[in-house]
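**Student:** Residue numbering for the sequence shown follows numbering that gives the first Met the number 0, starting at 0 and increasing by one per position. Heads up, the beta-carbon is just placed ideally off N, CA and C, and yes, glycines get one too.
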Amino acid sequence: MNKVKSLLLLAYPMFLLLAGCAGTQRYEALDQVCLPDTPKAEAMQIAKDVLGKMHFTIDKADTEQGFLRTIPLPGAHLFELWRSDHSAEANLHSIRRIVELNISQQAEKLCIDCDVKVQRLSLPELRDIGHEAQGTRPIQKLNLSPVQKKDMAWLDLGKDPGLETKILKRISSMLDARRSLPDIE
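1. Would you identify the three-state DSSP class for G74, choosing helix, strand or coil?
2. Is it a yes or a no for the stretch 29-36 touching the stretch 57-76, going by three-plus beta-carbon pairs under 8 Å?
3. For the candidate residues C113, I94, E107, R95, whose alpha-carbon lies nearest to that of N101?
4. Taking only the alpha-carbon atoms, compute the straight-line gap between A42 and G65 and give it to the nearest angstrom.
5. Which residue or residues does DSSP assign as beta-bridge partners of S121?
6. Threshold first: 4 residues or longer. Then list the alpha helix (DSSP H) segments lying entirely within the stretch 40-68, N to C.
7. According to DSSP, simplified to helix, strand and coil, what is D30?
8. Among residues of its own chain, excluding the 5 on either side of I166, which ones have a beta-carbon nearer than 6 Å to its beta-carbon?
9. Counting along the chain, where does the alpha helix (DSSP H) carrying L167 start and finish?
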């Protein structure tokens with residue numbers, strides 16, 4: 000009986016800890032940050048660095064226009080702990096995200112707008128999934144007919160405010176850190 004009580008006493012704090020971690024986490028969603036005294040070229044370079052560290056590849060970057068777009072990045076799975084964009088949905092479906100940043104001068108501030116578009120792959124009904132033996136392990140291959148290939152499409156799921164906020168906070172903090180460094184000449 001003493002062992003059962005001891006185990007319950009040990010398990011109770013762990014249960015409280017886990018229950019606290021499972022609570023809903025609230026954050027302020029951002030889709031724009033405005034920073035004073037920031038050159039557009041510096042903001043573009045930091046944005047490229049931040050997106051690169053988040054595994055995005057730049058598709059188009061125009062410093063003069065203040066526009067940056069990435070190529071679609073497949074969503075991370077839950078076991079990819081090094082990625083910051085993992086979600087349960089990416090474990091069930093093929094998900095990809097495209098980031099667009101617009102950097103513009105508004106009054107005396109430089110404002111960065113972030114738009115993260117989420118898309119899901121829609122496949123037609125699959126009838127033929129082939130198996131190919133390579134070495135000792137079979138490899139599964141997806142064979143689509145021309146009609147199925149034609150019906151395959153990326154469906155728009157809207158925006159990802161959590162990832163938008165993460166990107167903007169990282170850009171903002173890196174710009175703040177650069178501004179706080181003393182000028183060395």
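**Tutor:** Looking at the atomic coordinates:
1. In the structure shown, G74 sits in coil (DSSP, three-state: anything other than H, G, I, E or B).
2. Look at the beta carbons and you see the stretch 29-36 not touching the stretch 57-76: under three pairs across the two are nearer than 8 Å.
3. Comparing Cα positions, the closest option is C113.
4. Here the C-alpha atom of A42 lies approximately 9 Å from the C-alpha atom of G65.
5. A152, per the DSSP bridge assignment.
6. Not a single unbroken stretch of the alpha helix (DSSP H) spanning 4 or more residues falls wholly within the stretch 40-68.
7. Annotated three-state conformation of D30 is coil, per DSSP.
8. C113.
9. 160-179 is the span of the alpha helix (DSSP H), which, as asked, contains L167.
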